[in-house]
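The numbering used here puts the sequence shown at residues 3 to 421.
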Amino acid sequence: MPERYLIRGGTPLRGEITVSGSKNAALYAVSAVLLTAEPITLRNVPRIADIAEMCEILRAVGTEVREEDGGETLHFHTPVLTSVAPPPDLVTKLRASFLVMGALLGRAREAECPPPGGDVIGSRPLDVHFVGFRALGAQVERRGPSFRATAPKLHGARVFFDYPSVLGTVNVMFAAALAEGTTVIINAAPEPEVEMAADMLVAMGAKIRGQGTPMLEIEGVPTLHGADFSIIPDRLEAGTYLLAACATRGDLRVTNAVPGHMDSLIAKLREMGMEVDAEGGGGIRAACTGDLRAVHVQAVPYPGFATDLHPPMAAALTQAAGVSLVHERVYDNRTLYVNELRKLGARIIIGGDSVIIEGPARLAGSTVRALDIRAGAAVVVAALAAEGETAIHDIGHLDRGYADLQARLTSLGADIERV
Ligand code: EPU
C-alpha cells in the first residue's frame, strides 16, 4: 500500500519552527545555473521531491550536481551543455522545468522542451513566455510534442505581458540576461521569488533593475559567472504552518519568516482575531487568544493574498465563526480540495470562482486525499483541527512541496504518523 499520513487532531500547535528555503525560488535558482559555464553553489535549498526532479533535468543537459549537508547545499557545474533538449519524461513531471527553455535559449541560443507538468489547478497557458522569447528575436515553433526556440541573435526589447506570469517573467528574464541590449518587461511578476531570481542573476554578473516591481529592466551582458547564493525562506510553507496554528487555536513562531513577504496573510490572520507579532525582528508569531472570526479573502497576484495559500486558508476558516468567502482570481480549478474538506465535516461550497465556508464546524477524522500540493496542505490543516484520526492518501504531492512535514508538526505537538 502506498504511504499515507495518519493525523490524530485536536491538539493546538505550539512552539517554534524554522521554515525551509522557498520551493519555487529554489526551482528558479536551480534553472539559472544553466546560464553559466562556471560553478554555482546554492544554500538553504529545501529537501523536497521537486528539487530532486529539477536536478535530474540539469544532469540530463550536462550539469554536474553535488549535494552537501543532506541536500541543503547544492554545487552545480555545467562547463559544456551536452543537450538543448531535456528528456520529455522529466520535463512533464513539474511546471518549473519549462524554465530550462529561457536558460538554454540565453546560453545556447536554442532549446527544445515539451509543455511542462505541474498541478491540475486550471488552464496554465504559456503565451506570455512565447511573447517574450519572440520579442527578443527567437523563433518559436512546435516540433512534434515539443516547443523549439531558436535565435541566432537575441536582442533587447520592450515586452508587455498580458498577465504577470511568474514563470513567464523568470523565463524571459533568463533569456534577456544574455541578450544584446536592454529588455524592459512591462507587467512583470513582482513576487519575492522572482525578485530573488533576479538578485541571483545580479550575483552572477547580470545587470537588472526594478526586480520586485512590475517594470523589470534587464541590460544584457555577454556572459554570466559563478556565484554562491542562499535561497530565501518559503513564505508559502511558513503561511501553511501559521494557518495550521490558527485552525488548532495554537501559538506558533516561525523564526525566519520574512514579514515583508507575508503582509496579506498577516492582515487576514489579524482580521480573524489572531494576535500576530511580526515587528520584533524574530520572524512571525501568531497566537490564538479568543474566538476566530469569518473573513473575506481574494487570491490574486502578489502582493495580494497568495493563491497557494487559498486552500489552507479555507481549511482554517472552517474554524471561524460566521460565513467566510475565498474568491479565487488566479486559477480556474483551484478548488479540488473542497470535497476533501467536506469529508471531514466542513460546511463549504463552491459558488462560481468563490468558495463559501460556514463556521465554526466540528471536524471529525476521515479518509481524504492530497490532490495537489496546496490541496494537500488544506487537508493537513483540517485534519490537525479535527477530532479523531484522519488518513491522508496521495502524500507524494506533499513531499513535492513540504520538507520534513511530519518532524516539524510533531515538534509542535501534533500527533502525526507516516505509514
Ligand atoms: N497565465 C496566462 N498566460 C501565461 C501564463 C500564465 O494567462 O502565459 C495565467 C494562468 O492561466 C494562471 C495565472 O496566469 O491563471 C498564473 O500563472 P503563472 O504563470 O503566474 O503561474 P506559474 O508561473 O505557472 C507559479 C508557481 C505556482 C503559483 C503561481 C502563482 C512555480 C513552479 N509555480 O506558477 O506555485 O501558484 O506561480 O503565484 O513557481 C505551488 O507552489 O503549489 C504552485 C502551483
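Built from N, CA and C at the ideal position, the CB exists for glycine as well.
Remember, it's a predicted structure, so these values are computed and weren't measured experimentally.
If you draw a straight line from the C-alpha of residue i to the C-alpha of residue j, how long is it?
i, j, result
"arginine 371", "lysine 155", "48 Å"
"glutamate 114", "alanine 105", "11 Å"
"threonine 412", "leucine 400", "16 Å"
"proline 89", "proline 147", "12 Å"
"glutamate 277", "arginine 287", "8 Å"
"alanine 140", "aspartate 164", "19 Å"
"threonine 152", "valine 204", "25 Å"
"aspartate 406", "isoleucine 418", "12 Å"
"aspartate 374", "glycine 390", "24 Å"
"glutamate 5", "aspartate 396", "8 Å"
"valine 332", "aspartate 71", "36 Å"
"glycine 378", "glycine 252", "20 Å"
"isoleucine 303", "aspartate 265", "A quick correction: the sequence has proline, not isoleucine, at residue 303. If I take the Cα positions, the gap works out to 13 Å."
"valine 256", "valine 161", "38 Å"
"proline 116", "arginine 402", "21 Å"
"glutamate 221", "arginine 145", "31 Å"
"leucine 245", "isoleucine 351", "20 Å"
"methionine 56", "leucine 414", "31 Å"
"glycine 324", "serine 356", "16 Å"
"arginine 349", "glutamate 360", "5 Å"
"glycine 73", "proline 48", "8 Å"
"proline 235", "alanine 387", "26 Å"
"glycine 108", "leucine 37", "7 Å"
"proline 216", "valine 421", "45 Å"
"leucine 44", "alanine 31", "8 Å"
"serine 24", "glycine 170", "18 Å"
"valine 382", "alanine 159", "45 Å"
"aspartate 201", "glycine 119", "27 Å"
Could you tell me if residue i is buried or exposed, where buried requires 16 or more neighbouring beta carbons within 10 angstroms of its beta carbon?
i, result
"alanine 409", "exposed"
"glycine 262", "exposed"
"methionine 3", "exposed"
"asparagine 335", "exposed"
"glycine 353", "exposed"
"histidine 298", "exposed"
"methionine 315", "buried"
"methionine 206", "buried"
"valine 82", "exposed"
"glycine 283", "exposed"
"isoleucine 394", "buried"
Which whole-angstrom value is the C-beta distance of residue i and residue j, which I expect to be below 8 Å?
i, j, result
"serine 85", "valine 63", "5 Å"
"leucine 138", "alanine 177", "6 Å"
"alanine 34", "alanine 181", "With a Cβ gap of about 15 Å, alanine 34 and alanine 181 do not count as contacting."
"valine 174", "glycine 134", "3 Å"
"aspartate 310", "arginine 211", "Actually they do not touch by this definition, with Cβ atoms about 27 Å apart."
"serine 368", "lysine 345", "5 Å"
"glutamate 69", "leucine 76", "6 Å"
"histidine 312", "alanine 296", "No, histidine 312 and alanine 296 are not in contact; Cβ-Cβ is about 15 Å, not under 8 Å."
"leucine 15", "threonine 250", "5 Å"
"valine 130", "serine 99", "Incorrect: roughly 17 Å between the Cβ atoms, too far for contact."
"glutamate 219", "threonine 184", "6 Å"
Using the DSSP secondary-structure output, state which residues sit across from residue i in a beta bridge.
i, result
"glutamate 419", "Leu8"
"isoleucine 351", "Ile358"
"lysine 155", "Answer is none; lysine 155 lacks a bridge partner."
"valine 186", "Arg160 and Glu219"
"isoleucine 422", "For residue 422 there is no data in the structure shown, the boundaries of the chain being 3 and 421."
"aspartate 230", "Thr43"
"threonine 94", "BP columns for threonine 94 are empty, so no partner."
"methionine 206", "In DSSP, methionine 206 forms no bridge with anything."
"histidine 79", "Glu66"
"valine 328", "Val299 and Val357"
Does the ligand EPU have a heavy atom nearer than 7 Å to the CB of residue i?
i, result
"threonine 337", "no"
"arginine 295", "no"
"serine 125", "yes"
"aspartate 355", "no"
"asparagine 189", "no"
"threonine 218", "Contrary to the premise, residue 218 reads as leucine rather than threonine in this sequence. No, the Cβ of leucine 218 stays beyond 7 Å of every heavy atom of the ligand EPU."
"leucine 169", "yes"
"arginine 364", "no"
"arginine 144", "no"
"leucine 60", "no"
"isoleucine 234", "no"
"threonine 412", "no"
"alanine 51", "no"
"leucine 407", "no"
"arginine 376", "yes"
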